[in-house]
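Residue numbers (my numbering), protein chains in the order written: chain A, 2 to 279; chain B, 9 to 438. Just so you know, even glycine gets a beta-carbon here, dropped at the ideal spot from N, CA and C. Here the structure is a predicted model, which is why all the values come from computation and not from measurement. Remarks on the structure that follows.
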Amino acid sequence: MTPSPPHTEIFIQPSKRWVGLDVAELWRYRDLLIILMMRDVKLRYKQTALGIVWVVLQPLIAAIIFAIIFGRFAQLPSGNAPYLLMVFSGLLPWNLFAGALQRAGNSLIGDTRLISKVYFPRIAIPLASSFSVLVDFAVALVVMFFLLLIEGWPLTPNLLALPILVVCALLVSIGVSLFFSALNVYYRDFMYALPFVIQVWMYASPIVYTVEIVPEALKPIYALNPMVGVIEGFRWALLGSGEFPVVPLAISILFGVGLFIAGTFVFQRVEQSFADVI
Amino acid sequence: MTDIAVQVENIGKAYRIAHSTGRRDYKTLQEDIVQLLKRPFGRSDTNAHMETFWALKDLSFTVLRGEAIGIIGHNGAGKSTLLKILSRITKPTEGHAKVSGRVGSLLEVGTGFHPELTGRENVYLNGAILGMLRRDIDIHFDEIVAFAEIEQFLDTPVKRYSSGMYMRLAFAVAAHLKPEILIIDEVLAVGDAAFQKKSMGKMSDAAHSGRTVLFVSHNMSAIENLCTRVLWLDGGRLRAEGSATSIVKQYMDAVERGDLTTRGRSRVQIKRVWLQDEHGQVATTFTPGDTIDIRIAFSTQERFEQPYFSVTIESRMGSVCCANMVFDGRNPAAIEGDGVIGCVFRNMPLMPQPYTVRLVVYSSDAEQYLYESQEIARFNVVGAMSDYAMLGERADHFAQYAVPLVMPYEWLLPDGTCEPVALTRTESAR
């Protein structure tokens, strides 16, 4: 047998403090990313009796409860749209964000065995977990269109902006998720902090209410929440309500890109010693 | 094209060991915040109770393309750390290495198998983890399935596989990866004797077909059979390298003399640990119900009155059983200089699984650790459950994950019959 020329030359050297994301390497492992993502999706509903029905039920029941409590009992205003549509259109991007955060946050701990036994770009694990939420999102989006149809709510050309808004929501989600997943390896506190963070963040975002009821004085601070622009954008696209939220969305994109870049750097930095700590 | 497959230069790997906090390596945020408030500008590694431990130091060597290199040394010599660095699981603290060619590591067969996923799904998952693309796996898929002989069970979750099927599939995936540099740790040699033979054969194929192989093992005859050259690690440094026969001989001599580096700040040094069967034969593989005789050769500069030894057998699931002088009180009056202590577990009803042995030596007040190691020895228990009047393949599969220690028990059935169960060999299997 004649030895084939080497495909790869690997240099192994001590950790550097800050390294960027090796996009070329991640691309070589693209199939791993897809397979890990499919694994996450399959495993989640594998031994449940209702399976994929949960994906429909979870946001729907949440939306109905919110509609009864906040819409009926508390009489919160819902703009010009029915309360159920208003809250569901807010829950769509929110569940994408919260789901990604929740799953990616604990993803590395769940794959301890892999990390300590085989090499592959570690970032594939939280990325795959975040992306797997897209499946739930797609199903929920179908439910949204059903609700719009039942209510007889007209669709507008605004809808064309939806893909951009989804990318934006993903950027924010992944950025925050990378921070949490990496830090969780070192400080298990984050595992316990995460549900609170998500809950507080939810009420700090216009999901059960609209931005109109936020006091003027608080608005500048409120707009710093990167999910505000995304959620408003979703409402604008799906319900045609309000104006296109230029400033909040610009803030979301800015934060999204910033968080994503910072998140990858922090992740890459701590990644180098995962196997020694986990 | 270069003929050097692996070039290692002055590699060192340091671990920081927390002394007061013991085994927990990860921190709570509170600890770090307190640390930060105490010394806002200090580096966190100036932590008083942290100690640096060099698992590897100043290690340099070269492996030529097509060579089969054996790496030997006693537990804690740095072998596994070296493999982890070369397979990029962990980073070195200093020095650097150049690896030319695709690396495939068999640190543990079946890593990345998920019990809930089907055989088919796991082949793709495992292949992708080992660095294959979907289309590479597509090409080899039928071959892998045929090699593993699991065609009918492709769409069954692997948790329902027998251990034999599980191992065959895992090994098939790894064997068909065809890396240019194959890194093997002997832990893969779990499973039954037939499977061990099969995997040794596959490794030997790899070594003799011009593939570069790095092979870590305690099995000296396997090393001599497979390897052209051997590196001997001792205390994290390269002690000697050369032809397999001569290095293995030197190593065995050093083991006999107890001339091996022991490290750490423990006040009792462990020179050598070996396991024996009931006939006094040195062994690392046992069958359920065998006597496991653990011998520990120690050495100490000081004299310690009334020390306590504690020997624990551990499985993947945690501690199995323990012999502890702290409460049995059968401790030696004193130890000084060189000596051997033995701990015999008779007729151990252990399930076929891999096990490790943990040793702690305490001072007379049972408060100070004179020696502590998570793993002073490893052994495997192998056997077919059908030899013990249990069910066949299904019992073999469950045995891998079952509670490892099976004390004899009796079922009293509704019809009044009494069914005794014990891990003792049936007459026909003897």
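Name the chain B residues that come within less than 8 Å of residue i, Cβ to Cβ?
i: Val-24 of chain A; result: Simply none; closest approach about 17 Å.
i: Ser-117 of chain A; result: Ile-97
i: Arg-40 of chain A; result: His-122, Leu-125, Glu-129, Leu-133
Using a C-beta to C-beta distance shorter than 7 Å, which residues of chain B count as neighbours of residue i?
i: Pro-122 of chain A; result: Those do not exist, as Pro-122 of chain A stays about 10 Å from chain B at its closest Cβ, beyond 7 Å.
i: Asp-137 of chain A; result: What Asp-137 of chain A touches in chain B: nothing, since even the nearest Cβ is about 19 Å away.
Give the residues of chain A in contact with residue i, contact being defined as C-beta atoms less than 8 Å apart.
i: Arg-96 of chain B; result: Ile-11, Ile-13, Tyr-120
i: Pro-100 of chain B; result: Ile-13, Gln-14, Pro-15
Give a yes or no on whether the C-beta atoms belonging to residue i and residue j are separated by under 7 Å.
i: Leu-67 of chain B; j: Leu-358 of chain B; result: no
i: Gly-127 of chain B; j: Val-166 of chain B; result: yes
i: Ala-82 of chain A; j: Ser-242 of chain A; result: yes
i: Val-224 of chain B; j: Lys-87 of chain B; result: yes
i: Gly-78 of chain B; j: Ile-231 of chain B; result: yes
i: Phe-317 of chain B; j: Val-281 of chain B; result: no
i: Thr-89 of chain B; j: Ala-105 of chain B; result: no
i: Leu-291 of chain A; j: Phe-146 of chain A; result: Outside the shown range of chain A, which is 2 to 279, sits residue 291 of chain A, and nothing can be said about it.
i: Leu-102 of chain A; j: Ser-178 of chain A; result: yes
i: Ile-199 of chain A; j: Ala-64 of chain A; result: no
i: Ala-238 of chain A; j: Leu-148 of chain A; result: no
i: Phe-71 of chain A; j: Val-209 of chain A; result: yes
i: Ile-147 of chain B; j: Val-131 of chain B; result: no
i: Asp-242 of chain B; j: Ala-85 of chain B; result: yes
i: Phe-266 of chain A; j: Trp-19 of chain A; result: yes
i: Glu-313 of chain B; j: Ser-217 of chain B; result: no
i: Thr-101 of chain B; j: Lys-186 of chain B; result: no
i: Val-256 of chain B; j: Ala-76 of chain B; result: no
i: Ala-403 of chain B; j: Pro-416 of chain B; result: no
i: Val-276 of chain B; j: Thr-320 of chain B; result: no
i: Val-56 of chain A; j: Val-140 of chain A; result: yes
i: Arg-96 of chain B; j: Thr-60 of chain B; result: no
i: Arg-311 of chain B; j: Ala-342 of chain B; result: yes
i: Thr-327 of chain B; j: Pro-412 of chain B; result: It should be noted that the sequence gives Ser, not Thr, for residue 327 of chain B. Taking 7 Å as the Cβ cut-off, Ser-327 of chain B and Pro-412 of chain B do not qualify as a contacting pair.
i: Ile-191 of chain B; j: Phe-121 of chain A; result: no
i: Leu-34 of chain A; j: Ala-129 of chain A; result: yes
i: Gly-366 of chain B; j: Gln-382 of chain B; result: It is Arg, not Gly, that sits at residue 366 of chain B in the sequence shown. Contact: yes.
i: Thr-299 of chain B; j: Arg-386 of chain B; result: no
i: Ser-117 of chain A; j: Ala-224 of chain A; result: no
Please list the partners that residue i has in chain A, where partner means a Cβ-to-Cβ separation under 7 Å.
i: Tyr-132 of chain B; result: Ile-36
i: Thr-292 of chain B; result: The contacting residues do not exist; Thr-292 of chain B stays about 22 Å from chain A at best.
i: Leu-141 of chain B; result: Asp-32
i: Glu-124 of chain B; result: Leu-44, Lys-47
Give the interface partners of residue i over in chain A, defined as CB-CB distance under 9 Å, in chain order.
i: Arg-402 of chain B; result: Near Arg-402 of chain B there are no residues of chain A at all, since even the closest Cβ is about 20 Å away, more than 9 Å.
i: Ile-93 of chain B; result: Ile-13
i: Ser-113 of chain B; result: Lys-118, Val-119, Tyr-120
i: Leu-138 of chain B; result: Val-119, Phe-121
i: His-104 of chain B; result: Phe-12, Ile-13, Gln-14, Pro-15
i: His-23 of chain B; result: For the record, residue 23 of chain B in the displayed sequence is Tyr; it is not His. Ordered by position in chain A, the residues that pass the 9 Å Cβ test against Tyr-23 of chain B are Asp-277.
Residues of chain B with CB under 9 Å from residue i, in chain order?
i: Ala-276 of chain A; result: Lys-92, Ile-97, Thr-98, Lys-99
Next item on the list: Would you check if the region 82 to 91 of chain A and the region 230 to 238 of chain A touch, i.e. whether three or more CB-CB distances between them fall below 8 Å?
Entry: yes
Note to self: Taking beta-carbon pairs under 9 Å, can you tell me which members of the region 159 to 180 of chain B lie near chain A?
What the structure shows: Pro-165
Notebook entry, point to check: Quick one: any contact between the region 247 to 263 of chain A and the region 102 to 114 of chain A, if contact means 3 or more CB pairs under 8 Å?
Noted result: no
Checklist line | Contact the region 173 to 191 of chain B vs the region 150 to 163 of chain B: 3+ CB pairs below 8 Å | finding: yes
Next item on the list: Quick one: which residues of the region 357 to 381 of chain B get their C-beta closer than 9 Å to a C-beta of chain A? List them in chain order.
Entry: none
Checklist line | Where the region 262 to 274 of chain A meets chain B: residues whose CB sits under 9 Å from a CB there | finding: Gln-273, Ser-274
Next item on the list: Evaluate contact between the region 164 to 171 of chain A and the region 66 to 85 of chain A, counting only Cβ atoms and requiring at least three cross-stretch pairs below 8 Å.
Entry: no
Notebook entry, point to check: What are the complete beta strand (DSSP E) segments, minimum 3 residues, inside the region 343 to 389 of chain B?
Noted result: 362 to 370, 377 to 389
Check: Taking the runs of the alpha helix (DSSP H) that are 4 residues or longer, which of them lie wholly in the region 292 to 322 of chain B?
Finding: none
Next item on the list: Evaluate contact between the region 326 to 339 of chain B and the region 283 to 301 of chain B, counting only Cβ atoms and requiring at least three cross-stretch pairs below 8 Å.
Entry: no
Margin query: Which residues of the region 42 to 69 of chain A have a Cβ closer than 8 Å to any Cβ of chain B? Give them in chain order.
Written below: Lys-43, Leu-44, Lys-47, Gln-48
Checklist line | Every unbroken beta strand (DSSP E) inside the region 233 to 267 of chain B [3 residues or more] | finding: 237 to 242, 245 to 251
Margin query: Check whether the region 40 to 51 of chain A and the region 125 to 134 of chain A are in contact - that is, three or more C-beta pairs closer than 8 Å.
Written below: yes
Notebook entry, point to check: Going along the chain, which unbroken runs of the alpha helix (DSSP H) with 4 or more residues stay wholly within the region 107 to 148 of chain A?
Noted result: 113 to 118
Margin query: My parser needs the beta strand (DSSP E) runs of 3 or more residues fully inside the region 56 to 95 of chain B; what are they?
Written below: 58 to 72, 76 to 80
Check: Which residues, taken in chain order from the region 405 to 433 of chain B, show a beta carbon closer than 9 Å to some beta carbon of chain A?
Finding: none
Next item on the list: Can you check the region 103 to 138 of chain B for any alpha helix (DSSP H) of at least 4 residues that lies completely inside it and give the ranges in chain order?
Entry: 127 to 137
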